[in-house]
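Per our numbering, numbering of the sequence shown is gapless, rising by one per residue and ending at 1085.
Idealized CB from N, CA, C, for every residue including glycine.
All figures in this text were calculated on a predicted structure; none of them were measured in a lab.
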Amino acid sequence: MTDTLVAFDDVLASYDPALGLEVHVELNTNTKMFCGCPAVFGGEPNTQVCPTCLGLPGAMPVVNAKAIESAIRIGLALNCEIAEWCRFARKNYFYPDMPKNFQTSQYDEPIAFDGWMDVEVDGETFRVEIERAHMEEDTGKSLHVGGSTGRIHGADHSLVDYNRAGIPLIEIVTKPIQGAGEKAPAVARAYVSQLRDLIVALGVSEARMDQGNLRADVNLSLAPKGSGVLGTRTETKNVNSFRSVERAVRYEMQRHAGILDEGGSILQETRHWHEDTGITTSGREKSDAEDYRYFPEPDLVPVAPSREWVEQLRGTLPENPTQKRARLQADWGYTDLEMRDVIASGSIGLIEETVAAGATPQAARKWWLSELGRRANDAGVDITDLGVTPAQVAAVQALVDGGTLNDKLARQVFDGLLAGEGTPEEIVAARGLAIVSDDGALSAAVDNAIAANPDVADKIRDGKVAAAGALIGEVMKEMRGQADAGRVRELILEKLT
Ligand code: ZN
Ligand code: MN
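Here's what the structure looks like:
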């Protein structure tokens, strides 16, 4: 069955979109949420487990204090109230990768609630209200073997790795975001992108979407234009890049409108996002909260952070993001338009690190926005996941500043970096990319160019120095762009005038 999609502009003529975002952040604590198992990524399957995170009978959980600290700092950074007293709750459902058959989460008593975050889209500020940020544990991971897609359909058996079971998560849930209109897809993307920047600044998670440290579920509904009500929503699960968040919202807006225009009604369900085709497909019918039979976790004591501790943690917060953007713009000397492009590209943190590694703000912006931004776009990944680091960009720019490379050769160094060929210096050496400024090689190339273009040479002899450009071009061509153009010009003038 194919979905009927309505053109995006036509959706907006008839409907108002409402967004809701649920973001799971995997904390970077040393140990798991309720046991002492290591919480590091990448161990051999089922080597980082114990009776507690495997849910064996009689095992008792103990809360990770560092995870509570991170939860409170996230809550404060999102301008939330911090609960004076709250509990964990059991969320009951069956999943093979959830060995206890319930997830220890929080229900009606989250650690943080009623906050907000301002996000900037095209120079306009949208206030996103935060409903809650609660603590919970991650599930294990299922690996479906034997099929071609890695999905359960077509697989002949499945394996379960419980290393991830019990890793601390913070789930951040927005209130419905209304009034964004045509900017709804961009607001969703900007929210997730700026939330990630905040999480990185707090230092509480690796926050890599491509590795699942930060996972976004995107809720969308449409209501008749101007009605002010909320329509039935769908929830697109685990959208794993900023770009996909934007695309998924756009797609769901077009799909919902197709159903509503034909007099149909939206089924409240989860949807799967397909990165390759850019569509969503039906998941499971969404349960209401009561289906999970939440009840307070009897094995854990309530969490009651003292006000002194909360205030102490407030003192550890990074600079407010809005003020920080204004300060960086002033420090970097960017125009409003330049800054807007930087924010939209999601590269503000990358530029900050590149400048810290020694590049000028203009050079950092140039590489991230033009060259690397284009490559990320071509590869269909977020710029933060491209695989080039700020330190590498600063090193390439240092080679340009030092006269080893020009911008054209630097682009070839980025090819090498993306192909994993080593450091910028190693790539320059291995690919033979350095600019030639040695007079012996340059002089021979200049002589060849003069011999091949006697008419141009005559013009220069007659005093038309501007004609030297044509000979410089010849030399550059012969030396595959690696000649030192300034020195070539000097040699031409020395020989002909
Ligand atoms: Zn454990
Ligand atoms: Mn959750």
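Asked	Found
Residues bridged to G1069 [DSSP beta-bridge criterion]	The partner list for G1069 (beta bridge, DSSP) is empty, contrary to what the question assumes.
Entirely enclosed beta strand (DSSP E) segments - the segment 803 to 863, minimum 3 residues	822 to 827 and 857 to 862
Simplified DSSP state of T1105, which is helix, strand or coil	The question about residue 1105 has no answer, for the chain in this structure spans 589 to 1085.
V650 Cβ short of 7 Å to the ligand ZN heavy atom set	no
Bridge partners - T692, DSSP secondary structure assignment	R678
C-alpha distance - T923 paired with P626, whole-angstrom precision	46 Å
L757 (DSSP reduced to helix, strand or coil)	strand
Quiz: which residues have CB nearer than 6 Å to the ligand ZN non-hydrogen atoms	K620, C623, C625, V637, C638, T640, C641 and G754
Touch test, the segment 671 to 680 against the segment 629 to 640, Cβ-Cβ under 8 Å, three pairs minimum	no
Cβ neighbours of A1058 in the same chain (closer than 6 Å, five flanking residues each side left out)	V1044
Exposed unless 16 or more other CB atoms sit within 10 angstroms - verdict on Q900	exposed
Alpha carbon of R796 to alpha carbon of I939, nearest angstrom	17 Å
Within 8 Å, strictly: CB atoms of L593 and A776	no
Reference T590; option with closest CA among S602, L609, V817 and G846	G846
Burial state of V806 (16 or more Cβ within 10 Å)	buried
Strand pairing of L901, partner residues [DSSP]	BP columns for L901 are empty, so no partner.
Selection from R928, P649, C623 and I656 that minimises the alpha carbon distance to W897	I656
Same chain only: Cβ atoms within 7 Å of V837, ignoring 5 sequence neighbours per side	L607, A772, P773, A776, V806 and L808
Exposure of Q799, with buried meaning 16 or more beta-carbon neighbours within 10 Å	exposed
Shell residues, 6 Å Cβ cut-off relative to heavy atoms of the ligand MN	H612, E724 and E759
G734 versus L1006: straight-line alpha-carbon distance, rounded	31 Å
Beta-carbon spacing of P978, L790 below 8 Å	no
Ranges of the beta strand (DSSP E) found wholly within the segment 725 to 796, counting only runs of at least 3	729 to 733, 745 to 749 and 756 to 762
Three-state class that DSSP yields for D598 in the structure shown	helix
Where S693 falls, given that 16 or more other Cβ within 10 Å makes a residue buried	buried
Under the three-state DSSP convention, the category A1064 falls into	Reading the sequence as shown, one finds Met at residue 1064 and not Ala. Of the three classes helix, strand and coil, the one that applies to M1064 here is helix, per DSSP.
Integer-rounded CB distance, given that C674 should sit under 8 Å from V988	With a Cβ gap of about 54 Å, V988 and C674 do not count as contacting.
Whole alpha helix (DSSP H) elements within the segment 1010 to 1083, 4-residue minimum	1012 to 1019, 1027 to 1040, 1042 to 1049 and 1056 to 1066
Exposure label - E834; buried when at least 16 CB within 10 Å	buried
Range covered by the beta strand (DSSP E) that runs through G961	Taken as a continuous stretch (DSSP letters only), G961 belongs to no beta strand (DSSP E), being part of the alpha helix (DSSP H) at G961 to A967.
Within-8 Å CB hit, T824 to chain D	This model lacks chain D altogether, as it is built from one protein chain only.
Those residues which DSSP pairs with P605 across a bridge	L810
Same chain, Cβ closer than 8 Å to V1024, five either side skipped, listed in chain order	L1030, M1067, Q1070, A1071 and D1072
Counted within 10 angstroms of its Cβ, other Cβ atoms place R661 as buried (16 or more) or exposed	buried
Residue burial classification, R821 (beta-carbon count within 10 angstroms, cutoff 16)	buried
Local conformation of T910 per DSSP, three classes	helix
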